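Report on the following structure.
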Amino acid sequence: MAWGPGRHGAGENIFTYYADPHGCIVENSVQMAHIDNDAVYLAVVKACLGHRKLTIFGVCVFLGLSVSAIPLLKSGFLPASDDAQTKVTLTLQPGSTIEQTDAVTRQAAGIIAKLSDVTRVFSSVGTASSGGGLESSTTNDVTSATLVVDLTPIGDRDRKQSEIENAIRQALAVLPGVRVEVGSGGNGTTLEITLASDDSNVLDQAGSALEEQLRTLKGIGAVTSSASLQAPEIQIVPDFTRAAALGVTSESISEAVRVATNGDYSSSMAKLNLPQRQVSIRVRLDPGNRTTLDDIANLRVSGTNGSVDLGSIAEIGIGGSPSEINRIDRSRNITLSVELNGRILGDVNREAQELLALKNLPQGVHLVEQGELQRSSELFESFGIAMAIGVFCIYAVLVLLFHDFLQPLTILMALPLSLGGALLPLIVTGTSFSMPAVIGLLMLMGVVTKNSILLVEYAIMSRRGGMSRFDALVDACHKRARPIIMTTIAMGCGMLPVALSLTGGDGSFRQPMAIVVIGGLLTSTFLSLLVIPVIFTFIDDFLELLKRPFRGRQAKETQPMPAEAG
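Under the working numbering, the sequence shown has 98 at position 117, and the numbering climbs by one with no breaks.
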């Protein structure tokens, strides 16, 4: 078996020969395939140049469809991450003891440890965790407990983290009287809706109604409110008329109750002397003598006419009040947190905005934009500004390179051609348009512009060399198509593993960026190779129209070639 020699020609690749199984020498047909492909492509280019108006109409239809698809996009700030770890927060009824909280926590940890894809469970009793990432915080609370759940690494399990969290949520539903929150509270996991008002009663009613309706949304997790549960307390309401008649002041009443319950740390009182220091002594009523309302009612309160029973000058009873009060801009507020449970933030928010409790807020109650919704709106606003600045900078550089103010517009026309290709894959895959996708669009601007520069720059240089406009454009398409396509294929193949999440670990942040870049490159490359030459001719015609008044009557008007007839 022998190999034949290669032969070279101007503008041709090396031809190779190989032996077939029967010993016959067959010429490789790769070069012929290239020639056929070039001929087909150039024929399409000539057809587009010959039907310019029809080509532009098709582009306008494509852009219209791209813009009309924008409402179909799912939006969010950041995609939910899968870091093989989640958090469970348990909250018992106010008044629960640390022993009760510990018992419930042990029961919950045992339930979670039996679930599949759970490797370890760490618990902390007496602490309440909120938020995620840089916004996380921990407070001491004997009625709360936090469990950190380690999961099987992402490559060793079939279920998503959101599915495991939903399984944990369902398993812990057997705990009676316990508020369960599952999730790390990071980006893309929670929808926060904040209501504010100066009237606490109206605010509580509006918050309760909205919380009840939010629970009807399909596919979500737990719905929790920042409005603290009513903590039991002893309420003492003085009868000021009776107290004044007996010479008892409100300060005397509060002093008697404080000393009996919390105790007194007065500096004038005796101290316990130890060898190296003194210890303050707290004086208060024995716990056995203050366990009932009658014990409190029998407290003696000093007055100008002698001491009297507290029960004779005040009404004493059991009531409830919030353990904490939250304010925004001096107004009381309630924040309702909805666990997305794997759903997209924008979808859940749109459904929430249609709830009657949110559409018909009582007078004096208003919606405050906070959390990821606020950051998402700020992101898209900043993205618009960044995109405008980027386009202007590209245009300024192109003006300096081409010494022309209009021809750079030909290159910039490739930017909207990538829009449909960037958005369609997001819609098809159900990926949200979030910060990574925005970064992908900004990256796409540079690559798409570079491809157009290769085409337009070669056409301009060919015209300066004496070619007609039509021949220069066809020659530019012939000579520059292959480098442009090779660049697109190389970049697309390089980002394909990222788009398919084959890079290992959690690729939730990088995946939308790769999807946008690949989709935008494909459509912009395909359309640019056909549409940019047509746009070049329109702008060139406009330039000729501007130059006519300055040429004089003897100047010959440039006639469009027959193949470029509109």
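By construction, the Cβ of each residue, glycine as well, lies at the ideal position given by its N, Cα and C atoms.
No experiment lies behind these values; they were computed from the predicted model shown.
- Per the C-alpha coordinates, the member of Gly401, Ile520, Met368 positioned closest to Met426 is Met368.
- Judged by DSSP in its simplified three-state form, Asn270 adopts helix.
- For Ala333, the enclosing alpha helix (DSSP H) begins and ends at 326 to 334.
- By a beta-carbon distance limit of 8 Å, Ala61 contacts Thr170. Their separation comes to about 5 Å.
- Assigned with DSSP and collapsed to three states, Asn243 falls in coil, not helix or strand.
- Judged by DSSP secondary structure, Asn182 falls within the alpha helix (DSSP H) whose first and last residues are 181 to 195.
- Annotation for Thr175: Asn314, Thr316, Val349, Gln351 place their beta carbon closer than 6 Å to its own, counting only its chain and skipping 5 residues before and after.
- Counting C-beta pairs closer than 8 Å gives three or more between the region 138 to 150 and the region 78 to 97, which meets the contact rule.
- Going by beta carbons, Leu326 and Leu354 fall inside the 9 Å limit.
- Considering only Gly39, Leu184, Leu198, Leu527, the residue with the shortest C-alpha distance to Leu321 is Leu198.
- As far as DSSP is concerned, Ile294 takes part in no beta bridge.
- The alpha carbon of Pro303 has as its nearest neighbour, out of Ser489, Arg324, Asp456, Gln74, the alpha carbon of Gln74.
- A distance below 7 Å between beta-carbons, with the five flanking residues on each side excluded, links Tyr246 to the following residues of its chain, in chain order: Ser261, Arg263.
- From the listed residues Gly136, Ala203, Gly188, Asp385, the smallest Cα separation to Val69 is found for Ala203.
- Taking the Cα positions, Ala154 is about 35 Å away from Val409.
- Taking a cut-off of 8 Å for Cβ pairs, the region 32 to 52 and the region 371 to 390 do not touch, as fewer than three such pairs fall below it.
- Annotated as distal: Val238 and Val289, with beta-carbon spacing of 9 Å or more.
- By the criterion of at least three beta-carbon pairs nearer than 8 Å, the region 497 to 509 is in contact with the region 473 to 482.
- Cβ-Cβ distances below 8 Å link Arg265 to Val240, Ala241, Thr242, Asn243, Gly244, Asp245 in the same chain, with the five nearest sequence neighbours on each side left out; the list follows chain order.
- Taken through DSSP and simplified to helix, strand or coil, Pro157 comes out as coil.
- Inter-segment contact for the region 450 to 461 and the region 401 to 417 is absent: fewer than three beta-carbon pairs are separated by less than 8 Å.
- According to DSSP, residue pairing for Asn322 in a beta bridge does not occur.
- Burial state of Ser47 is buried, judged by a 10 Å Cβ sphere holding 16 or more other Cβ atoms.
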